[in-house]
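What follows is one structure encoded as structure tokens, with my remarks underneath.
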Amino acid sequence: MALRIGLTGGIGSGKTTVSDRFASLGVEVIDADVIAHEVTRSGEPVVEQIAAVFGDEVLDAGGALDRAALRRLVFADPGKRRRLEAMLHPVIRERMEERARKARAPYCILSIPLLVESRNAARVDRVLVVDAPDAMRRRWIKARSALSDEEIDGIMQAQATRDERLEAADDVIVNDGSIEELHARVDALHRRYLAIAESNTAAER
Ligand code: ADP
Numbered sequence: 000m001a002l003r004i005g006l007t008g009g010i011g012s013g014k015t016t017v018s019d020r021f022a023s024l025g026v027e028v029i030d031a032d033v034i035a036h037e038v039t040r041s042g043e044p045v046v047e048q049i050a051a052v053f054g055d056e057v058l059d060a061g062g063a064l065d066r067a068a069l070r071r072l073v074f075a076d077p078g079k080r081r082r083l084e085a086m087l088h089p090v091i092r093e094r095m096e097e098r099a100r101k102a103r104a105p106y107c108i109l110s111i112p113l114l115v116e117s118r119n120a121a122r123v124d125r126v127l128v129v130d131a132p133d134a135m136r137r138r139w140i141k142a143r144s145a146l147s148d149e150e151i152d153g154i155m156q157a158q159a160t161r162d163e164r165l166e167a168a169d170d171v172i173v174n175d176g177s178i179e180e181l182h183a184r185v186d187a188l189h190r191r192y193l194a195i196a197e198s199n200t201a202a203e204r
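One point on numbering: in numbering that gives the first Met the number 0, the residue at position 15 of the sequence shown is 14, and numbering is uninterrupted.
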């Protein structure tokens with residue numbers, strides 16, 4: 000079975016850049032955000048369940064979940080949010096699990112933004128945290144989006160703290176230099192993961 004690496008990090012830390020680099024090295028990346036979109040398409044069973052609870056106004060014209068409408072609906076209502084998550088999260092988890100089971104060895108990446116916040120989001124063998132200084136994250140986020148400082152603060156405060164992430168990490172990629180340096184760090188970890196996967200396989204034989 001493929002070794003499973005859970006990739007996580009705060010908003011703007013460089014997760015996507017890191018997972019794209021792993022993908023370009025031929026590693027299978029299973030992305031929780033992509034899966035979350037897949038399971039909310041029209042015709043998916045959980046979409047019907049969610050519409051049955053929250054009403055048809057959470058569907059868009061094509062019958063898929065209207066994620067923005069849902070976000071507004073649960074935004075200020077923790078009870079509704081929990082109900083929604085209780086329906087959605089197991090489906091996302093199961094779909095990721097299925098992909099990971101099918102993944103070609105030696106290892107795969109499960110990219111899960113909120114892995115530290117919800118440790119049961121997926122079964123992983125190791126946790127890889129992308130860690131970037133707050134000032135850099137803020138600069139990068141602003142360069143790619145129209146978020147204000149206050150909005151960025153709000154998102155950062157709702158996420159795990161740096162210490163909580165580092166506490167959960169088996170491996171850390173520090174993203175505090177150029178993209179080229181970041182790529183080189185990913186490449187080094189890739190060699191390490193191949194070696195770990197290889198020694199696990201040898202032990203299983
Ligand atoms: P995340 O997925 O964690 O939100 P991204 O990988 O999307 O983070 O990175 C956020 C933004 O910052 C992207 O536009 C990315 O190109 C940029 N970025 C990430 N790391 C660096 C870096 N070391 N130098 C310059 N820009 C970076």
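Where is the CB? At the ideal position from N, CA and C, for every residue including glycine.
Check your understanding: Helix, strand or coil: how does DSSP classify THR160 here?
Key -> Walking along the sequence shown from the start, residue 160 turns up at place 161. The answer is coil: DSSP assigns THR160 none of H, G, I, E or B.
Point to revise | Residues that GLU43 bridges to, as DSSP identifies them | key: Locating residue 43 in the sequence shown gives position 44, counting from the first residue. Its beta-bridge partners do not exist; DSSP assigns none.
Practice item. Decide yes or no for the touch test of the segment 120-139 against the segment 168-180: beta carbon pairs closer than 8 Å, at least 3 of them. Key: yes
**Study point:** Sequence-distant residues of the same chain with beta carbon closer than 8 Å to PRO105, five excluded per side
**Key:** To locate residue 105, count along the sequence shown from 1; it is residue 106. Excluding its 5 nearest sequence neighbours in each direction, PRO105 has C-beta neighbours in its own chain below 8 Å: ALA1, LEU2, TYR192, LEU193, ALA196, GLU197 and THR200, listed in chain order.
Check your understanding: At what residue ranges does the segment 15-80 contain a whole run of the alpha helix (DSSP H), taking only runs of 4 or more?
Key -> 31-38, 44-53 and 66-74
Check your understanding: Looking only at DSSP bridge pairs, what is SER110 linked to?
Key -> Taking the sequence shown and counting its residues from 1, one reaches residue 110 at position 111. SER110 pairs with LEU6 and ASP30.
Review point. Are at least three pairs of beta-carbons, each pair with one atom in the segment 106-116 and one in the segment 12-32, less than 8 Å apart?
Key: yes
**Study point:** Counterpart residues of VAL185 in DSSP-defined beta bridges
**Key:** Looking up residue 185 in the sequence shown gives position 186. Beta-bridge pairing links VAL185 to no other residue.
Check your understanding: Just to check, is the beta-carbon of LEU109 closer than 8 Å to a non-hydrogen atom of the ligand ADP?
Key -> Taking the first residue of the sequence shown as position 1, residue 109 is located at position 110. False, no ligand heavy atom lies under 8 Å from that Cβ.
Review point. Among the residues of its own chain, which have a CB less than 8 Å from the CB of HIS88, if the five just before and after it don't count?
Key: Working through the sequence shown from its first residue, we reach residue 88 at position 89. Around HIS88: SER117 and ALA120.
Check your understanding: DSSP on ARG100, reduced to helix/strand/coil?
Key -> Here residue 100 corresponds to residue number 101 of the sequence shown, with the count starting at 1. Correct three-state label for ARG100: helix.
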